[in-house]
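Note that the numbering used here has the sequence shown beginning at 865, numbered continuously upward. Here's the structure, in structure tokens; my notes come after.
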Amino acid sequence: MAHALYLRGEYGRSLGMAENALIMKQGSYPISELFLHLSASMACMSLKDVDAAKAHFGAAWDIARPDGLLELIGEHHGLLQGLIEACLKTQYPDDFARIIEITYRFSYGWRRIHNPDSGEDVADDLTTTEFTMAMLACRGWTNAEIARHMGVSPGTVKNRLSGVYAKLGIGTRAELVAHMLR
């Protein structure tokens, strides 16, 4: 339910649903709790509440890491909007690399199903970092905000987004939004 609300753009309700489900649980259900924390992280990122997003992502990571439950994290890479990079890249480089590998495998399969069904090509040529920066830019984040969140310089963000524009054959953020959010 929280994920469905997220997909409809109802981020506040999505967050409320996830947090209420976590509060009301009776017993330990690691997979459900992992999913709910990831859903809450996604909603918080869309609401630009990065600290709350990191707190929920940290709770998800605490559930996932001991048992190697990394697939769900990798499958939600794009929706997590840079949290994987911000929270894991330097502190857990081996796990980060595995999650990115999972992300590429998942994305490859998803595109093979999505593109023929929709008649539209999604951004096949973007790296996970480029995709994340592009999605944050589409959600109205400034280069400085993206840089702060991802731990890079604003110049790096500008260069990466220029590369994204070149790969997609576009020239403006408005065109980026039209391409990425269709």
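Every residue, glycine too, gets a C-beta built ideally from N, C-alpha and C. Since the structure is predicted, the reported quantities are computational estimates derived from the model, not experimental observations.
For this session: Please confirm if the segment 1012-1026 is in contact with the segment 989-997, defined as three or more CB-CB distances below 8 angstroms between the two stretches.
Result: yes
Exercise. Which of the three DSSP states, helix, strand or coil, is assigned to H941?
Worked result: The sequence position of residue 941 within the sequence shown is 77, counting from 1. Residue state, collapsed to three classes: coil.
Problem set entry | Local conformation of I1034 per DSSP, three classes | Your numbering for residue 1034 matches position 170 in the sequence shown. Three-state DSSP puts I1034 in coil, outside helix and strand.
Exercise. At which residues does the alpha helix (DSSP H) containing S896 begin and terminate?
Worked result: The residue labelled residue 896 in the question sits at position 32 within the sequence shown. DSSP places S896 inside the alpha helix (DSSP H), whose first and last residues are 894-910.
For this session: Run the CB neighbour count on S982, radius 10 Å, all protein chains shown included, and call it buried at 16 or more, exposed below.
Result: Counted from its first residue, the sequence shown places residue 982 at position 118. A caution first: S982 carries a pLDDT of 45, below 50, which makes its placement in the model unreliable, though a value can still be read off. Exposed, because fewer than 16 other Cβ atoms sit within 10 Å of the Cβ of S982.
Exercise. Looking at L902 and L944, is the spacing between their C-beta atoms short of 8 angstroms?
Worked result: Position 80 of the sequence shown holds residue 944. Position 38 of the sequence shown holds residue 902. Contact flag set, yes.
Problem set entry | Spatially closest choice to I964 from D989, T1020, L934, by CA coordinates | Numbered from 1 along the sequence shown, position 100 holds the residue referred to as residue 964. Out of D989, T1020, L934, L934 has the C-alpha closest to the C-alpha of I964.
For this session: Flag this pair as touching only if the segment 945-953 and the segment 908-920 have three or more C-beta atom pairs under 8 angstroms; answer yes or no.
Result: yes
Problem set entry | Nearest-angstrom Cβ-Cβ length linking A904 and L879, presumed shorter than 8 angstroms | Residue numbering aside, residue 904 sits at position 40 when the sequence shown is read from its first letter. Residue numbering aside, residue 879 sits at position 15 when the sequence shown is read from its first letter. Cβ atoms of A904 and L879 come within 8 angstroms of each other, at about 6 angstroms.
Exercise. Should F970 and E939 be called a contact, given that it needs their Cβ atoms to be closer than 8 angstroms?
Worked result: Looking up residue 970 in the sequence shown gives position 106. Looking up residue 939 in the sequence shown gives position 75. A contact, by the Cβ cut-off of 8 angstroms.
For this session: In angstroms with no decimal places, state the Cα-to-Cα distance between A1030 and L871.
Result: In the sequence shown, the residue the question calls residue 1030 occupies position 166. In the sequence shown, the residue the question calls residue 871 occupies position 7. Each residue's alpha carbon lies about 28 angstroms from the other.
Problem set entry | Buried or exposed by the 16-neighbour rule on C-beta atoms within 10 Å, applied to G1035 | Numbered from its first residue, the sequence shown carries residue 1035 at position 171. Exposed: under 16 other Cβ atoms inside 10 Å.
Exercise. Is S1017 helix, strand or coil when you go by DSSP?
Worked result: One-based indexing of the sequence shown puts residue 1017 at position 153. Looking at S1017 - three-state DSSP - the assignment turns out to be coil, as it is neither helix nor strand.
Exercise. How big is the Cα-Cα spacing for D959 and F921?
Worked result: Taking the first residue of the sequence shown as position 1, residue 959 is located at position 95. Taking the first residue of the sequence shown as position 1, residue 921 is located at position 57. One C-alpha to the other measures close to 15 angstroms.
Exercise. What are the uninterrupted segments assigned as alpha helix (DSSP H) that are 4 or more residues long and contained completely in the segment 909-934, given in chain order?
Worked result: 914-931
Problem set entry | The alpha helix (DSSP H) enclosing M865, as first and last residue numbers | As a position in the sequence shown, residue 865 is number 1, starting the count at 1. From DSSP, M865 is part of no alpha helix (DSSP H); its letter is neither H nor E.
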